[in-house]
Amino acid sequence: MPINGSAAVPTAPVEVPRGLAGVVVTETQLGDVRGREGFYHYRQYSAVELAQTRSFEDVWHLMFHGALPDAAQRAEFAGQTAALRHLPEEVRAALPDIARASVLSGPLAGLRSALSLFGAAKGFRPVYDIDGERRRADALAASAVVPTLLTALYRLGQGLEPVEPRDDLPYAANYLYMLTGSQPGAERARAVEQYLISTIDHGFNASTFTARVITSTGADVAACLVGAVGALSGPLHGGAPSRALDTLDAIGTPDRIDPWIRERVLAGERIMGFGHPVYRTEDPRSRMLRGIAQGFGGELVEFAVEVERQVELILAELKPGRELHTNVEFYAGVVMELCGLPREMFTPTFASARVVGWGANILEQAEDSKIIRPAARYVGPVPPVSVPVAPEGPAA
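Counting in my numbering, the sequence shown runs from 355 upward without gaps.
Below you can see the structure in the form of structure tokens.
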């Protein structure tokens, strides 16, 4: 039954593409991806231009409040979100056990448990039962604390003590500080900040859609975010930045690019870091991150650029008519490697930004009380079939 209690009205099934590709399921004011143009935006602004010109907090304010902040609003919002970085004692005390339990799976797996506990400790209530102001407060609190949870879980998994957040540092700089224990240089902090801004939101991807489906049931913010984290953990979604870098390691040297890539393409294997389900031209995030990487320079960057050049030529030859370019994961891995992030934290770092986009989508979806309830086409044995008589003898 729909969440508003009204009776469901049977409708004829509608055939749609596999994976719901291209199916419009709702309206949004948060942004869009225009794949044929190689362009995406947050509200009315180019996401890449925002990453190049504004701070993470500015864009967070835009997503949650609908407008970029003025100077006074920027200071107020930065102070508000910085104060929310600190963990409740109940959550802090449980983190060592969560880290031990997830040591084989990593911080992103631990985040699911930690977020659930955080929501319970903060008394999060179903979004259906609270007003917009309380929903926004819950979404802000959860978004602000995710970097603290992720870095603490990582450090505990490495046998290190968590680093307390600093209220005087911006979002990205504080993230690196909590991860490494040292205040980062301005160049590294800004590079990571630009990456984080560029990944806040990206249309109705799998994790965002998951968050909105759960929100449509009226569940609390933490439950919605935990589902989104689960979707992001899949290697076909957020789990690719480190795998793209692993590809560079496996190739090793420029003379191995052509044979290594050809062998895998001809075998039907996917080349991590290339291709995107939406873009039919260069991924604008990849273009921006390539520029950031080239600003650092060095052998890794030169090798990555050469791999990109040769892979695109090989793909054009072996898969003519298909537009296959680098996606965000390819140069994201390079930038994060240059900034000193451990590879097991690449996808968690992605999550520390995307949580803001999830939060904004949760707030928007919560305004609509219609539960998301699609249908499936049954293709099994034709029912009804008589149930066989149970065999004689004791039950197992």
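Using N, Cα and C, we set each Cβ at its ideal position, and we do this for glycine too.
Alpha-carbon to alpha-carbon, residue j and residue i
| i | j | result |
| --- | --- | --- |
| L599 | I625 | 11 Å |
| L590 | S497 | 23 Å |
| Y692 | V661 | Tyr is not the amino acid found at residue 692; the sequence shown has Leu there. If you take the alpha carbons of L692 and V661, they lie about 17 Å apart. |
| L504 | H679 | 31 Å |
| R490 | R520 | 23 Å |
| Y685 | K724 | 39 Å |
| G486 | Q548 | 29 Å |
| A647 | R542 | 11 Å |
| R616 | S552 | 31 Å |
| A421 | P480 | 26 Å |
| V665 | A707 | 29 Å |
| R610 | D492 | 51 Å |
| A582 | V743 | 44 Å |
| D483 | E746 | 51 Å |
| G373 | A425 | 43 Å |
| V619 | P516 | 43 Å |
| N528 | A455 | 26 Å |
| G649 | F657 | 14 Å |
| V567 | T607 | 45 Å |
| T569 | L586 | 17 Å |
| V457 | V741 | 46 Å |
N-terminal and C-terminal residue of the alpha helix (DSSP H) that residue i is part of
| i | result |
| --- | --- |
| F657 | E653 to L672 |
| V387 | That residue, V387, is in no alpha helix (DSSP H); its beta strand (DSSP E) goes G385 to R388. |
| G473 | P461 to A475 |
| A421 | Here A421 belongs to no alpha helix (DSSP H), and DSSP marks it neither H nor E. |
| C578 | V575 to L586 |
| V338 | Since the displayed the chain opens at 355 and closes at 750, residue 338 lies outside it and no answer follows. |
| D637 | D637 -> no alpha helix (DSSP H), and no H or E assigned at all. |
| A565 | A560 to S570 |
| Y482 | Looking at the DSSP string, Y482 is not in any alpha helix (DSSP H), and its letter there is neither H nor E. |
| R618 | I611 to L620 |
| R708 | F700 to Q719 |
| R544 | A540 to S552 |
Residue span of the beta strand (DSSP E) that contains residue i, given as start and end
| i | result |
| --- | --- |
| Y396 | F393 to Y396 |
Environment of residue i [buried if 16+ CB atoms lie within 10 Å]
| i | result |
| --- | --- |
| Q719 | buried |
| T407 | exposed |
| Y732 | exposed |
| L471 | buried |
| R644 | buried |
| S640 | buried |
| T701 | buried |
| D555 | buried |
| R676 | exposed |
| P613 | exposed |
| R439 | buried |
| S596 | buried |
| E411 | buried |
Exercise. How about the segment 437-447 and the segment 534-541: do they share at least three Cβ pairs that are nearer than 8 Å?
Worked result: Output reads no: the segment 534-541 does not touch the segment 437-447.
Exercise. Okay, do the segment 463-471 and the segment 504-519 touch, 3+ Cβ pairs below 8 Å being the bar?
Worked result: As far as the Cβ criterion goes, the segment 463-471 touches the segment 504-519, which means the pair count is three or higher.
Exercise. Looking at C-beta atoms only, is the number of pairs between the segment 709-717 and the segment 570-578 that lie closer than 8 Å three or more?
Worked result: A contact exists between the segment 709-717 and the segment 570-578.
Exercise. Contact between the segment 390-399 and the segment 415-430: three or more CB pairs below 8 Å?
Worked result: With the cut-off at 8 Å, the segment 390-399 and the segment 415-430 touch.
For this session: Jot down the residue ranges of each uninterrupted beta strand (DSSP E) in the segment 405-451, minimum 3 residues, whole runs only, in chain order.
Result: Fully enclosed beta strand (DSSP E) runs of no fewer than 3 residues are not present anywhere in the segment 405-451.
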